[in-house]
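K.L.:
I have a structure here, written as C-alpha cells, and I will follow up with some questions on it.
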Amino acid sequence: MPDKPIYLDYAATTPLDPEVLAAMQPYFALEFGNPASVHRYGQAAEQAVERARETVAGQLHAEADEIVFTGGGTEANNLAIRGAALAARAATGANHLVATPVEHPSVLETCRQLADHLGFELTLLPVDEFGQVQPQAVLQALRPTTAVVSIICASNEVGTLQPIAQIAAVLRGRGVVFHTDAVQAAGPMALDVEALGIDLLTIGAHKFYGPKGAGALVVRRGTRLLPTQTGGAHEHGLRAGTPNVAYIVGLAEALHRAGAARPARVAHCRRLRDRLIREVLERIPDAHLTGHPDQRLPNHASFVFDGVNGHDLLTHLDVAGFACSSGSACKTGDPRPSEGLLAMGIDPDRALGSLRVTVGAPTTDAEVDRFLDALPQAVARLRALELV
Ligand SMILES: *Cc1c(COP(=O)(O)O)cnc(C)c1O
C-alpha cells in the first residue's frame with residue numbers, strides 16, 4: 002500500500018496551488034489593511050481586491066462591477082437564489098422558482114427553504130437518463146409568476162454539462178432571472194457570461210486549486226438582487242462584511258492560472274478520465290457509467306455497480322489507499338440513494354452502488370493504473386460479502 006492515499010476526488014476539492022498561496026501570503030500580516038479604510042493601509046488592500054475583481058471579470062467576460070466576492074460557492078448560490086427570489090417578489094409579486102433535481106444541495110435546499118417557509122412555489126424540471134435538462138422543458142415549466150430559474154452548469158455528481166446557452170436563449174426577454182452554479186465548470190471550462198447569456202453565475206475557488214472559503218457571484222448589470230447578508234456597502238451593497246482580502250487575491254490568482262493552464266490540464270485530465278471509464282467498464286461486470294458519455298466534465302468519471310453498497314466501497318477503497326467519493330461529498334454516509342441518480346431513472350438499489358472518480362492536474366498514469374488494479378478486486382469482494 003502506498004504511504005499516502007491516492008487522491009481521486011478533485012470534484013470534492015483540490016489542493017491549494019503553492020503559487021496561489023504565495024500570492025495570498027502578503028495579505029495576511031503585511032498588507033493587513035481594511036479595504037474600507039481611507040488611509041494608505043486601506044488603499045493597498047482595496048487595490049488588491051479591485052485588481053482581483055478585474056482579473057475575475059476578465060476570465061469570465063464580465064465587467065468588474067459585476068463581480069461580488071463571497072465566502073465560497075455555497076454562499077454565492079444562497080445569495081443568487083434567495084437574493085433574486087426576494088427581489089423579484091418585492092418588485093412584481095413573482096413567487097415561482099424553477100430548478101433541477103441534479104442541483105448541488107446549496108441550490109436545492111435554498112429553493113426548498115423558500116418553498117417550505119417563505120411562500121414560494123418550486124418546480125423541479127425533469128432530466129433525461131444522463132441528467133440533462135431540455136430547453137423545451139424549461140419553457141414548459143415557466144409561469145407568468147416565475148422569478149428565478151437555476152440550473153447547474155456541470156454536475157458535481159455525474160459530471161454532465163447542461164445546455165446553458167440554449168436555455169438562456171429560451172428565457173431571454175421573459176423577465177426571469179437565470180442563475181447557473183458553475184462551481185464545477187470553472188477551471189476545466191472557459192466560461193463567458195456574455196456568450197452564455199446568464200444573469201447570475203457562481204464560482205468557488207477551492208475547486209480550481211484556490212483556497213476554500215472564497216467564491217464569487219457574477220451579477221450582470223440590471224439583475225434585481227437583494228443582499229442576503231446586510232450591514233454595509235461592501236461588494237456593491239450585495240455582501241456586507243469586511244472582505245477576506247487574502248482569499249479574494251487567492252481566488253483571482255487561481256482563476257487566472259486555471260485559464261493559462263486550461264488546454265494542458267484539460268488534455269491531461271481527459272486522457273486519464275477516458276482510460277478510467279473505458280477500463281472500469283471493461284474490467285468490472287455489471288458496471289454502468291452515470292451521466293453523459295461525452296458531454297461531461299473532462300476530469301469526471303462516475304459509475305454505479307450492481308450489488309454493491311457505495312459507502313462500503315468507499316470505506317474499502319480508503320483502506321486500500323484510494324480517496325474517492327460516492328458523487329457528492331455532502332451525501333457521503335447517507336444510506337439513501339441520491340436524489341439526482343433517481344431523477345435520471347436509475348433504479349434505487351443500483352443507485353446505492355455509486356462511485357465518483359475525479360482526476361486533476363497532479364494525477365499520474367501510475368496512480369490510475371493502481372486504481373484500475375484495485376477497484377475490480379474491491380467490487381468483487383464486496384459482492385461476495387453481500388451474497389452471504
Ligand atoms: C463544491 C460545490 C459547491 C459548494 O461550493 P463551496 O465553495 O464548497 O461552498 C456548489 N456547487 C457545486 C456544483 C459544487 O461542486
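The sequence shown stops at residue 389 when you use the working numbering, and every number in between is there.
Quick reminder that beta carbons are idealized off the backbone N, C-alpha and C, glycines included.
(1) Count the other C-beta atoms from every protein chain shown that fall within 10 angstroms of the C-beta of residue 158, then say buried if there are 16 or more, exposed otherwise.
(2) Can you tell me whether residue 199 is helix, strand or coil according to DSSP?
(3) Regarding residue 100 and ligand 3, is the C-beta to nearest heavy atom distance less than 8 Å?
(4) In its own chain, which residues sit with a C-beta less than 7 Å from the C-beta of residue 101, not counting the 5 before and 5 after it?
(5) Give every residue of the same chain whose Cβ lies closer than 7 Å to the Cβ of residue 50, excluding the five residues on either side of it in the sequence, and list them in chain order.
(6) Check whether the Cβ atoms of residue 201 and residue 218 sit closer than 9 Å, and answer yes or no.
(7) Which residues does DSSP pair with residue 122 in a beta bridge?
(8) Mapping the DSSP letters down to three states, classify residue 190 as helix, strand or coil.
(9) Can you give the Cα-Cα distance for residue 44 and residue 32, rounded to whole angstroms?
(10) Output the residue ranges of the alpha helix (DSSP H) runs that lie fully inside the segment 34-85 and measure 4 residues or longer, sorted by chain position.
(11) Under 8 Å by Cβ, that's how I've got residue 108 and residue 182 pegged, so tell me the actual separation to the nearest angstrom.
(12) Starting from the C-beta of residue 193, find all residues in its chain whose C-beta is less than 8 Å away, skip the five residues before and the five after it, and write them out in chain order.
(13) Can you have a look at residue 29 and say buried or exposed, based on whether 16 or more other CB atoms are within 10 angstroms of its CB?
(14) May I have the straight-line CA-CA distance separating residue 263 from residue 188, to the nearest angstrom?
(15) The beta strand (DSSP E) with residue 313 in it runs from where to where?
(16) List the whole-angstrom C-beta distance separating residue 132 from residue 341, where the pair is believed to meet the contact cut-off of C-beta under 8 Å.
(17) Could you tell me whether any Cβ in chain E is nearer than 9 Å to the Cβ of residue 180?
P.N.:
Let me lay it out:
(1) Here residue 158 corresponds to residue number 157 of the sequence shown, with the count starting at 1. It is buried - the Cβ of residue 158 has at least 16 other Cβ atoms within 10 Å.
(2) To locate residue 199, count along the sequence shown from 1; it is residue 198. Looking at residue 199 - three-state DSSP - the assignment turns out to be coil, as it is neither helix nor strand.
(3) The model depicted lacks ligand 3 and carries ligand 1 instead.
(4) The residue given as residue 101 occupies position 100 in the sequence shown. Result list for residue 101: 125, 126, 128, 134, 152, 153, in chain order.
(5) Residue 50 sits at position 49 when you count from the first residue of the sequence shown. So the list reads 36, 244, 246, 249, once near-sequence residues are dropped.
(6) Position 200 of the sequence shown, counted from the first residue, corresponds to residue 201. Position 217 of the sequence shown, counted from the first residue, corresponds to residue 218. Cβ atoms of residue 201 and residue 218: closer than 9 Å.
(7) Counting from one through the sequence shown, the residue named residue 122 turns up at place 121. Bridge partners of residue 122: 97.
(8) Taking the first residue of the sequence shown as position 1, residue 190 is located at position 189. Of the three classes helix, strand and coil, the one that applies to residue 190 here is strand, per DSSP.
(9) Within the sequence shown, residue 44 is the residue found at index 43, counting from 1. Within the sequence shown, residue 32 is the residue found at index 31, counting from 1. Using only the alpha carbons, I get a separation of about 10 Å.
(10) 41-61
(11) Residue 108 sits at position 107 when you count from the first residue of the sequence shown. Residue 182 sits at position 181 when you count from the first residue of the sequence shown. Yes, residue 108 and residue 182 are in contact; Cβ-Cβ is about 6 Å, under 8 Å.
(12) Here the question's residue 193 lines up with position 192 in the sequence shown. So the list reads 61, 62, once near-sequence residues are dropped.
(13) By 1-based counting over the sequence shown, the position of residue 29 is 28. Flag for residue 29 reads exposed.
(14) Within the sequence shown, the letter at position 262 stands for residue 263. Within the sequence shown, the letter at position 187 stands for residue 188. Cα to Cα, residue 263 sits roughly 7 Å from residue 188.
(15) Here residue 313 refers to the residue found at position 312 of the sequence shown. Here residue 313 belongs to no beta strand (DSSP E); instead the alpha helix (DSSP H) covers 311-321.
(16) Translated into positions along the sequence shown, residue 132 becomes position 131. Translated into positions along the sequence shown, residue 341 becomes position 340. That pair is a contact at about 7 Å.
(17) Reference to chain E is not applicable here, since this structure consists of a single protein chain.
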